[in-house]
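Student: Attaching a single structure in structure tokens format; questions to follow.
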Amino acid sequence: MELVYTNQLDGFEPGKRYRVPGLFRSIERDATAVTVVGDYPEIVTAYEDAGVDVEVVALLEPVVVGTQAVASGELSQLLAALQDESGAMVLLVDGLEAGEIHRPESGELALRLFDVLGTIHASVGELTTERDGLALTVDALRAEVEALKKSALTPPADEAGEISALKAKLDEAKIQYRGNASKESLEKLVAELTKE
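So for the sequence shown, my numbering puts the first residue at 18; every next one is plus one.
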């Protein structure tokens with residue numbers, strides 16, 4: 018069995034068994050290989066004395082810049098700034114979820130996001146206005162097409178009278194014609210009557 022002594026909280030590989038190094042009391046007899054992450058010489062020595070192969074993985078040492086008080090103060094300032102930023106983002110997101118957008122009072126990232134969302138909101142408003150204008154144009158064109166269709170099917174009033182008069186002459190002469198015959202075809206039939 019491959020045994021790993023580590024303080025990690027995730028990223029465990031299948032087939033390996035993991036132990037917390039701080040809880041080490043004695044070796045496990047069925048271990049065939051041991052990996053120790055960090056500086057735990059008592060674990061390394063115990064397994065080497067038992068004849069088990071041991072691999073030590075060193076942890077990176079943290080880099081300390083300046084004195085502890087300065088680093089601590091800078092860290093506190095950075096943490097406070099991050100908390101302010103996080104709070105501003107939470108307020109912005111909560112407002113958006115509620116359907117409102119309010120300018121945050123602080124937080125560089127939150128303010129930038131607010132500006133971008135404002136630009137997007139304005140663009141969407143322009144597109145909506147343009148879409149509504151196009152819808153009105155389409156409706157007007159449809160009405161115009163319907164009016165043209167009706168005018169094409171219905172002859173003008175004075176022409177309708179002439180057509181009725183031509184049909185009456187043809188009816189008197191007992192000449193057959195189509196019910197939807199054009200004015201021109203009716204005129205030809207009446208002209209042939211006068212020739213006879």
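Glycine included, each C-beta is placed from N, C-alpha and C at the ideal position. In this text the structure is predicted, and so the values were computed from the model without any measurement.
(1) Which partner residues of residue 52 appear in the DSSP bridge assignment?
(2) Should residue 23 be labelled buried (16 or more other beta-carbon atoms within 10 Å of its own) or exposed?
(3) Enumerate in chain order the residues of its own chain whose CB-to-CB distance from residue 52 is below 6 Å, with the five nearest sequence positions on each side excluded.
(4) Between which two residues does the alpha helix (DSSP H) carrying residue 191 extend?
(5) What did DSSP end up calling residue 36 once you bin it into helix, strand or coil?
(6) Buried or exposed for residue 26, please, with buried defined as at least 16 other CB atoms from any protein chain shown within 10 angstroms of its CB.
(7) Can you list, in chain order, the residues of its chain whose CB lies under 7 Å from that of residue 61, leaving out five sequence neighbours each side?
(8) What three-state label does DSSP hand residue 47 in the structure shown?
(9) Buried or exposed for residue 135, going by 16 or more other Cβ atoms inside 10 Å?
(10) Below 8 Å on the Cβ atoms is my guess for residue 102 versus residue 75; work out the distance and round it to an integer in Å.
(11) Pick from 109, 208, 205, 180: whose alpha carbon is nearest that of residue 196?
(12) Does the beta-carbon of residue 190 have 16 or more other beta-carbons within 10 angstroms, so that it is buried, or is it exposed?
(13) Alpha carbon to alpha carbon, how far is residue 64 from residue 48? Give it in angstroms, no decimals.
(14) Who are the Cβ neighbours of residue 186 in its own chain at under 6 Å, not counting the five residues just before and after it?
(15) CB of residue 164 to nearest heavy atom of the ligand ADP: below 7 Å?
(16) With distance defined between alpha-carbon atoms, name the residue in 161, 95, 130, 182 nearest to residue 105.
(17) Going along the chain, which unbroken runs of the beta strand (DSSP E) with 3 or more residues stay wholly within the segment 79-139?
(18) With burial defined as no fewer than 16 other Cβ atoms inside 10 Å of the residue's Cβ, what is the status of residue 151: buried or exposed?
Tutor: Here's the rundown:
(1) 21, 72
(2) buried
(3) 21, 72
(4) From DSSP, residue 191 is part of no alpha helix (DSSP H); its letter is neither H nor E.
(5) strand
(6) exposed
(7) 53, 71, 73
(8) coil
(9) exposed
(10) About 35 Å; that fails the 8 Å criterion.
(11) 180
(12) exposed
(13) 9 Å
(14) 207
(15) Looking at this structure, you won't find the ligand ADP or any other ligand, since it has none at all.
(16) 130
(17) none
(18) exposed
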